[in-house]
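Participant:
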Amino acid sequence: MYRAFLIKYGEIGLKGKNRHVFENMLKDQIKYHLDQLGEFEVIREQGRIFVSCPEEYDYEETVAELQKVFGVVGICPVVVVDSTEWETVTEAALEYVDRFYEKKDFTFKVEAKRADKRYPMTSPEMCCKLGESLLRRFESLKVDVHEPQVRVFVEVRTKSYIYSHIIPGPGGMPVGSGGKAMLLLSGGIDSPVAGYMIAKRGVALEATYFHAPPYTSERAKQKVVDLARIISAYTGPIRLNIVNFTDIQLYIYEQCPHEQLTIIMRRYMMKIAEKLALDSKCDGLVTGESIGQVASQTMKSLMATNAVCTLPVYRPLIAFDKQDIIDISEKIKTYETSILPYEDCCTIFVAKHPVTHPILSVIEKSETHLEEQIDRLMEEALSTIEVVNVG
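Numbering (numbering that gives the first Met the number 0) for the sequence shown: 0 to 390.
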């Protein structure tokens, strides 16, 4: 019976004169997500977005896909009435309630809107008239305008739309409306969640993964590709840059104090990721760091890492507890992949007693021991990048 969905959005409605730009971005994102399922038509009309469904479509699959579109706050399966005549709309609403609610013993409220203020009835009049009709037809119904069990919505536009269910969407802003960023993606729990969170704010993603063969296996690399593919269901296609980091790590291991290894390796990862980000016209870097979670994520450590970057570094999870991050990873279905026992390069060369409060001048002095070969090794790493397009 549902031949269409009315799509509700949140923050986009506050964008003033630029609102239509964001509406069009949301419309394009919905179309992109649904194109893989069939010939859906997405229409923007008078502050609303409607999805018209083909003759044959999978309702559950369609709703699941719409729930991955950032910017959508509500998905309303609607009955479409090809008329604005009130008698026709009323009869359709009565049929809707009769068909979808087997037991008619609930409390209800009618919420009606008209797009054209010249319509012969005001919105309050429409609510009263339809409420009266429902009470006459179904005697066991009761009105409760404060806390109804069912809300019957009617919108009269060029056509009329009737619905009573609002399925939650993910919220946020349409991907692409907030710029583009480079995600440092590892095989852990945190970075995929950070990618999801920043994309929810409208940021398109590219990603970089640091691979260290033979210390990290092909299965570890495939794990990261799989994680990128999972989050691409929300973010859209992701270009994944796989950087061979082995020689740089070994050189740092040989030349620098071991308690500083994590910080110095992290600084060179940020340098490489920033170079790729600038080449791809990204507006910043994104990491999955959370204050105090590990030695390289203390305030002093993050400051030392930031010092090598000219682009801003965004950390969506900075104040999250680990359980908060795990909860989101389970929701977006990255958790089971993230906990597969294939270590990434960050965990292979960890010192027994890493420095937790590094002094930037000391770190920079230690890095002078790398001057003989580090530039060449970085150029080699950049020139041998493997690119995997996912999504």
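The beta carbon of each residue, even a glycine, is placed where N, CA and C say it ideally should be.
Just so it is clear, the structure is predicted and the values come from calculations on it, not from any experiment.
(1) Does V349 come out as helix, strand or coil in the three-state DSSP assignment?
(2) Exposed or buried, V210, counting other C-beta atoms within 10 Å across all chains shown (16 or more means buried)?
(3) If K7 sits next to I165, beta carbons under 8 Å apart, how far is it from one beta carbon to the other, in whole angstroms?
(4) Can you give me the C-alpha to C-alpha distance between G9 and P169, rounded to a whole angstrom?
(5) Answer yes if the segment 277–284 comes into contact with the segment 178–185, meaning at least three C-beta pairs across the two stretches below 8 Å, and no otherwise.
(6) Count the other CB atoms, across all protein chains shown, that sit within 10 Å of the CB of Y233; report buried if there are 16 or more and exposed otherwise.
(7) Helix, strand or coil, according to DSSP, for K141 in the structure here?
(8) Excluding the five sequence neighbours on either side, which residues of its own chain have a C-beta within less than 6 Å of the C-beta of A303, listed in chain order?
(9) Taking buried to mean at least 16 other C-beta atoms within 10 Å of its own C-beta, is T309 buried or exposed?
(10) Identify the continuous alpha helix (DSSP H) that holds K222 and give its terminal residues.
(11) Can you tell me whether DSSP reads T207 as helix, strand or coil?
(12) Can you tell me the Cβ-Cβ gap for R2 and I11, rounded? I've got them flagged as a contact below 8 Å.
(13) Please name the residue, chosen from V202, P236, P173, E366, that lies closest to Q259 on a Cα-to-Cα basis.
(14) Starting from M181, trace the beta strand (DSSP E) both ways and give me its first and last residue.
(15) Among the candidates G187, D189, L182, T207, whose CA atom is the shortest distance from the CA of A198?
(16) How is the beta strand (DSSP E) around K112 delimited, first residue to last?
(17) Using only CA atoms, which one of P315, D115, I241, D34 lies nearest to G194?
(18) In terms of DSSP beta bridges, what is M298 paired with?
Facilitator: On the basis of the supplied data:
(1) For the purposes of this step, residue 349 is identified with residue 350 of the sequence shown, where counting begins at 1. V349 falls in the coil class under three-state DSSP.
(2) Sequence index remark: in the sequence shown, residue 210 carries index 211 (1-based). The question names Val, yet the displayed sequence has His at residue 210. The residue in question, H210, is buried, as its Cβ has 16 or more Cβ neighbours within 10 Å.
(3) Here residue 7 refers to the residue found at position 8 of the sequence shown. Here residue 165 refers to the residue found at position 166 of the sequence shown. Rounded, the Cβ-Cβ distance is 7 Å, consistent with contact.
(4) If you number the sequence shown from 1, residue 9 lands on position 10. If you number the sequence shown from 1, residue 169 lands on position 170. About 11 Å.
(5) yes
(6) By 1-based counting over the sequence shown, the position of residue 233 is 234. Burial call: buried.
(7) The sequence position of residue 141 within the sequence shown is 142, counting from 1. Three-state result, K141: strand.
(8) Here residue 303 refers to the residue found at position 304 of the sequence shown. For A303, where only same-chain residues beyond five positions count, the Cβ hits under 6 Å are I262, P357, L359, I362.
(9) By one-based count along the sequence shown, residue 309 stands at place 310. Classification of T309: exposed, given that the 10 Å Cβ count is below 16.
(10) Residue numbering aside, residue 222 sits at position 223 when the sequence shown is read from its first letter. From DSSP, the alpha helix (DSSP H) with K222 extends over 217–234.
(11) To locate residue 207, count along the sequence shown from 1; it is residue 208. DSSP places T207 in strand when its eight states are reduced to three.
(12) Your numbering for residue 2 matches position 3 in the sequence shown. Your numbering for residue 11 matches position 12 in the sequence shown. Their Cβ separation, rounded to whole angstroms, is 25 Å, which puts R2 and I11 out of contact at 8 Å.
(13) For this step, residue 259 is matched to residue 260 along the sequence shown. The shortest Cα separation from Q259 among V202, P236, P173, E366 belongs to E366.
(14) As a working note, residue 181 is residue 182 in the sequence shown. Where M181 is concerned, the enclosing beta strand (DSSP E) stretches over 179–183.
(15) Taking the first residue of the sequence shown as 1, we reach residue 198 at position 199. Among G187, D189, L182, T207, the Cα nearest to that of A198 belongs to L182.
(16) Start at 1 with the first residue of the sequence shown, and residue 112 comes out as number 113. Note, K112: beta strand (DSSP E), 106–113.
(17) As a working mapping, residue 194 is identified with position 195 in the sequence shown. Ranking the options by Cα distance to G194, first place goes to P315.
(18) Sequence index remark: in the sequence shown, residue 298 carries index 299 (1-based). According to DSSP, which records beta bridges pairwise, M298 is partnered with nothing at all.
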